[in-house]
Amino acid sequence: MSTKDDGLCAGCIKGKHSVTSFSKSTKKMKTTQVLELVHSALMGPIKTLSNGGSKNVLLFVYDFSRYIVGFFLKKKSKVVSCFSKSRVLVENQLGQHIRTIRTDSDAEYVDKVYV
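Okay, so the sequence shown: first residue is 1 according to our numbering, each after it adds one.
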């Protein structure tokens with residue numbers, strides 16, 4: 001064990017080191033209108049089935065309003081068709097188009113077309 005002139009061992013010196021905090025330059029996206037940003041998350045399979053026999057849950061969170069819509073899915077392969085149907089419904093109701101959708105990068109979203 002080596003000591004410095006101040007009488008502290010190397011382990012004590014390392015233990016007293018401070019860590020610089022992360023840069024605060026990370027800017028959160030602030031939405032200014034409905035359908036500007038929609039978050040989507042897919043959960044499952046869940047051990048306990050729903051009353052309809054579904055074991056997956058698909059959620060859409062509308063960033064501006066924080067409105068949440070959930071769908072029970074029996075198969076994860078139904079994600080794209082469920083999104084397409086709900087997108088048409090909400091865009092027709094609000095008269096606007098979804099600009100950005102942020103997903104949890106689950107395999108059901110990869111290489112799928114949402115247009």
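Beta carbons are placed, not taken as given, at the ideal position from N, Cα and C, and that holds for glycine.
Since we're looking at a predicted model, the values are computed, not measured.
Does residue i pass the burial test, meaning 16 or more other C-beta atoms within 10 Å, or should it be called exposed?
{"i": "Leu94", "result": "exposed"}
{"i": "Ile13", "result": "exposed"}
{"i": "Ala10", "result": "exposed"}
Using alpha carbons as the reference points, say which of the options lies closest to residue i.
{"i": "Leu89", "options": "Val69, Gln33, Gly52 and Ile46", "result": "Val69"}
{"i": "Asp63", "options": "Leu35, Gly15, Gly7 and Gln96", "result": "Leu35"}
{"i": "Lys30", "options": "Phe72, Leu73, Arg66 and Val79", "result": "Arg66"}
{"i": "Gln96", "options": "Gly15, Gln33, Gly52 and Asp104", "result": "Gln33"}
{"i": "Gly52", "options": "Lys74, Gly7 and Thr103", "result": "Lys74"}
Are the Cβ atoms of residue i and residue j separated by less than 8 angstroms?
{"i": "Leu42", "j": "Asn56", "result": "yes"}
{"i": "Gly44", "j": "Lys76", "result": "yes"}
Compute the beta-carbon to beta-carbon distance between residue i and residue j, rounded to the nearest angstrom, for a pair I have assumed lies under 8 angstroms.
{"i": "Phe83", "j": "Ser54", "result": "The Cβ separation is near 16 angstroms, so there is no contact."}
{"i": "Leu59", "j": "Ser40", "result": "7 angstroms"}
{"i": "Glu91", "j": "Ile98", "result": "7 angstroms"}
If you measure from the beta carbon of residue i to each beta carbon in chain C, is any gap under 8 angstroms?
{"i": "Val90", "result": "Judged by its chain identifiers, the structure shown contains no chain C, having just a single protein chain."}
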